[in-house]
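Structure record follows, encoded as structure tokens.
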Amino acid sequence: AQTVTQSQPEMSVQEAETVTLSCTYDTSESDYYLFWYKQPPSRQMILVIRQEAYKQQNATENRFSVNFQKAAKSFSLKISDSQLGDAAMYFCAYRRGGGATNKLIFGTGTLLAVQP
Amino acid sequence: NAGVTQTPKFRVLKTGQSMTLLCAQDMNHEYMYWYRQDPGMGLRLIHYSVGEGTTAKGEVPDGYNVSRLKKQNFLLGLESAAPSQTSVYFCASSLPTGWNQPQHFGDGTRLSIL
């Protein structure tokens, strides 16, 4: 069975600095997708960034980028120029490619605090 | 655009009571999901549906039932609520796998069982 592990329950970063959140996963599949979701205090689940396993290039969305290491099964999220609005719980998630369900498997989350 | 709408947003139940959570999506998505979120455990899949009239068990289905009578609606039922079902419940929807589109989430329902 696939698993997703986020080993940092909490992280803190100064405003305007850079922070990296870690995520590792375990799978025997070769076709899969990885996601980072942000959950602010409002409880919404907001998709931050996603990565297709078959793509070697790391995904980037404005200040958010990933370091995807397929062989190491690692998928870290880097937030540059951190802003107060980045404070939230961040979840890493995995989805099998193909298949018939699109089910997501989530990590336990990392709570990010941004200090002014 | 409404997206995924969950009703109600908050609810308090007594042990043994029953209730139904409603999820409605207006994006014509085939797939729908119910997750629960507990502290320190992330989101876990309860049940899901890949089309109208079909449902399947997820990771933690015990104590819950679901129905998908209409494509746009996915109902989650608790027949006899237990304190262990105190949680935040999220509904999500998506296009089928081949479309390579992410899931869209509702805003969650906070459910407390006393």
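Residue numbers (this note's numbering), protein chains in the order written: chain A, 350 to 465; chain B, 24 to 137.
C-beta atoms are modelled at their ideal positions from N, C-alpha and C, and glycine is treated no differently.
These figures come from a predicted structure and were not determined experimentally.
Going by C-alpha positions, Lys452(A) is about 13 Å away from Ala350(A). For Ser423(A), the pairing in a beta bridge is given by DSSP as Thr373(A) and Gln418(A). For the pair Ser425(A) and Ser377(A), the CB atoms are not nearer than the 7 Å cut-off. The C-beta of Pro125(B) comes closer than 7 Å to at least one C-beta of chain A. A contact is defined here as three or more CB-CB pairs under 8 Å, and the stretch 50 to 66 of chain B meets this definition with respect to the stretch 454 to 465 of chain A.
Between the stretch 83 to 101 of chain B and the stretch 26 to 45 of chain B there are three or more inter-stretch CB-CB distances shorter than 8 Å, so the stretches are counted as touching. By a beta-carbon distance limit of 8 Å, Ala365(A) contacts Ser431(A). Their separation comes to about 6 Å. Within the same chain, Cβ atoms closer than 8 Å to the Cβ of Thr78(B) are found at His70, Tyr71, Ser72, Val89, Ser90 and Arg91, the five residues on either side in sequence being excluded. Counting only Cβ-Cβ distances below 9 Å, Leu396(A) has contacts in chain B at Pro125, Gln126, His127 and Phe128, in chain order. For Val397(A), DSSP assigns no beta-bridge partner whatsoever. Membership of Ala47(B) in the beta strand (DSSP E) is indicated by the continuous run Met42 to Gln48. No Cβ-Cβ contact shorter than 7 Å links Ala462(A) with Ser356(A).
A direct Cα-to-Cα measurement between Ile136(B) and Ser117(B) gives close to 30 Å. Annotation: the continuous beta strand (DSSP E) that includes Ser135(B) extends over Thr132 to Ile136.
Around the beta carbon of Ala442(A), 16 or more other beta carbons lie within 10 angstroms, which makes this residue buried. Within 7 Å of the CB of Phe455(A), the CB atoms of chain B belong to Gly65 and Leu66, in sequence order along the chain. Distances from the CA of Gly81(B) to each of Asn96(B), Arg59(B) and Gly74(B) were compared; the closest alpha carbon is that of Arg59(B). At a C-beta separation below 9 Å, Tyr71(B) has these neighbours in chain A: Thr450, Asn451 and Lys452.
Within chain A, not a single residue places a beta-carbon under 9 Å from that of Phe97(B); the smallest gap is close to 14 Å.
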